[in-house]
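This report concerns only the one structure given below.
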Amino acid sequence: MKTYSIALIPGDGIGKDVVDAAWQVLERAADRNNFTLSATTFPWSCAYYKETGAMMPDDGIESLRKFDAILLGAVGWPAEVADSVSLHGLLLPIRKAFVQYANIRPHRLLKGVEGPLKTSKFDILCIRENTEGEYSGAGGRVHVGTPDEVAVETSIFTRTGVERILRFGFEQARLRRGKLASVTKSNAQKYSMVFWDKVTEELKPEYPDVEVTSYHIDAMAARMVMAPESLDVVVASNLFGDILTDLGAAIQGGLGFAASANINPDRSAPSMFEPVHGSAPDIAHLGIANPIAAMWSAAMMLEHLGEGAAATGIMTAIEAATASGTGTTPGKDRTDVITATVLAEL
Ligand code: NAD
Ligand code: IPM
Ligand code: MN
10 MKTYSIALIP
20 GDGIGKDVVD
30 AAWQVLERAA
40 DRNNFTLSAT
50 TFPWSCAYYK
60 ETGAMMPDDG
70 IESLRKFDAI
80 LLGAVGWPAE
90 VADSVSLHGL
100 LLPIRKAFVQ
110 YANIRPHRLL
120 KGVEGPLKTS
130 KFDILCIREN
140 TEGEYSGAGG
150 RVHVGTPDEV
160 AVETSIFTRT
170 GVERILRFGF
180 EQARLRRGKL
190 ASVTKSNAQK
200 YSMVFWDKVT
210 EELKPEYPDV
220 EVTSYHIDAM
230 AARMVMAPES
240 LDVVVASNLF
250 GDILTDLGAA
260 IQGGLGFAAS
270 ANINPDRSAP
280 SMFEPVHGSA
290 PDIAHLGIAN
300 PIAAMWSAAM
310 MLEHLGEGAA
320 ATGIMTAIEA
330 ATASGTGTTP
340 GKDRTDVITA
350 TVLAEL
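Residue numbering for the sequence shown follows the working numbering, beginning at 10 and increasing consecutively.
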């Protein structure tokens, strides 16, 4: 029987609850589909930081490298550890070190879920650049604490980085409805975003079967609300993709439904799967986190591992649960009730 080794990083707050729920669903799916999953859990989190002074050990990245995939809950506990420390100490370095340059985030309504829009007719795949751009970490502050203080945060866009994410977007569009929306802000950002638009134009002739349209980020935000059915694949830089995918989560009924996959398309290192949401300090410890985003991310993990039937099984079970009303109203069903319902459907 085939066995996949999975690194679990539950992290902080509701990350622990949703990873626990997703793992139960994964084990049941494996059992039903004749493969095995073996888990190794890493306690890396803000609590770990407070104990050790680091979000993960020095050899953290290397110890993850041997796994077939990583399932992560959420990182961040800003009341105790600054986000700039916790995220740059754990989540962001993993995405970068393992060249998980394509962050795939699907936005569609699950059966039984009523989103805030008048339409349910949308099915958007956001592809977010995940290793550079506005998240490059380049910059600094001078004259700190004085009236002359200046803070600089430099976005770095490389030809390699821009070209590979656009190609990924074109290829995903090809597998779907053939439409690619490329998101920039080239009217205001005259270097990076003009460059992004130029690379898009250069690649266009190689994908004559894909209809590509460039949008400004502000107009795209409005379009996702006003005309989401007009969109198929949306490709955006790291920060723009981050913002658009919380908007995408909102139109699909909330952050409890939004899944994501940090993919290394070359498979030279493990990919990582995690819900779009964070540690939700406001509801942590209440047992009411929606685990569906994490379960959907787990299904994306199985798809990536080549276990498509098991992935479909999880999605079918999730939608059977939501179609019957379980987990569709925030705070109504507890995490363990939603999990039990999905497990029963499986
Ligand atoms: P958040 O996503 O944690 O929460 C935003 C809102 O959505 C909150 O009201 C929360 O209760 C709700 N929510 C989120 N997930 C939910 C779920 N599964 N079920 C029900 N409600 C849910 O965003 P935030 O409050 O800005 O961030 C909190 C912490 O998480 C910060 O430290 C932040 O940096 C971190 N964060 C981490 C990740 C990650 O690890 N990938 C992602 C986003 C935020
Ligand atoms: C996400 C999160 C992270 C991001 C934060 C916590 C650094 O918001 O995964 O969407 O911006 O990538
Ligand atoms: Mn985000």
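Cβ coordinates follow ideal geometry from the N, Cα and C atoms, glycine included.
For a cut-off of 8 Å, the C-beta gap from Ile-165 to Phe-76 is around 29 Å, too long to register as a contact.
In summary, Pro-237 is buried, with 16 or more beta-carbon neighbours lying within 10 Å of its beta-carbon over all protein chains present. Ala-298 carries a coil assignment under DSSP once its states are collapsed to helix, strand and coil. The residues Tyr-216, Asp-218 and Val-219, in chain order, have a CB closer than 8 Å to that of Arg-183 in the same chain once the five nearest residues on each side in sequence are set aside. Asp-241 is the residue among Pro-52, Gly-334 and Asp-241 whose C-alpha sits nearest the C-alpha of Gly-187. Chain-ordered, the residues whose CB falls short of 5 Å from any heavy atom of the ligand IPM come out as Leu-96 and Asp-251.
By the Cβ-count criterion, Leu-295 is exposed, with fewer than 16 other Cβ atoms from all chains shown falling within 10 Å of its own Cβ.
Per DSSP, reduced to three states, the secondary structure at Lys-25 is helical. In terms of side-chain proximity, the C-beta atom of Val-108 is found no nearer than 8 Å to any non-hydrogen atom of the ligand MN.
With a cut-off of 8 Å on Cβ pairs, the region 71-90 is in contact with the region 273-290, counting three or more such pairs. The beta-bridge partner set that DSSP reports for Phe-44 consists of Lys-11. The beta carbon of Asp-255 sits closer than 8 Å to at least one heavy atom of the ligand MN. About 6 Å separates the beta carbon of Val-285 from that of Arg-114, a gap short enough to meet the 8 Å contact definition. In this chain, Val-84 is not harboured by any beta strand (DSSP E), its DSSP state being neither H nor E.
With a cut-off of 8 Å, the C-beta of Ile-327 is classified as distant from the ligand NAD, since no heavy atom of the ligand falls inside that distance.
Fewer than three pairs of CB atoms, one per stretch, sit closer than 8 Å, so the region 253-271 makes no contact with the region 141-153. In the DSSP assignment, Glu-215 falls outside any beta strand (DSSP E), carrying neither H nor E. For His-225, the closest alpha carbon among the candidates Pro-214, Met-10 and Ser-246 is that of Ser-246. A distance below 9 Å separates the beta carbons of Val-243 and Ala-190. In the three-state scheme derived from DSSP, where H, G and I count as helix and E and B as strand, His-225 is classed as strand. Unbroken beta strand (DSSP E) stretches of 3 residues or longer found wholly inside the region 90-118: 111-117, given in chain order. Look at Tyr-58 here: in three-state DSSP terms it is helix. Contact check for Asn-271 and Asn-112: beta-carbon distance about 5 Å, within the 8 Å limit, so the pair qualifies. Short note on Val-27: C-beta not closer than 8 Å to any heavy atom of the ligand MN. Leu-314 and Met-10 have their C-alpha atoms roughly 14 Å apart. The beta-bridge partner set that DSSP reports for Ser-280 consists of Ala-78. The C-beta distance from Pro-300 to Asp-26 rounds to 7 Å, short enough to fall under 8 Å. The region 204-214 makes no contact with the region 97-106; the number of CB pairs closer than 8 Å stays below 3. Excluding its 5 nearest sequence neighbours in each direction, Phe-179 has C-beta neighbours in its own chain below 8 Å: Leu-189, Leu-212, Glu-215, Tyr-216, Val-219 and Val-221, listed in chain order. Across the set Ile-323, Ile-297, Glu-354 and Ala-293, the C-alpha of Ile-323 shows the shortest separation from the C-alpha of Met-304. In this chain, the alpha helix (DSSP H) harbouring Leu-184 covers 168-184. With a cutoff of 8 Å, Pro-339 counts as near the ligand NAD, since its C-beta is closer than that to a heavy atom of the ligand.
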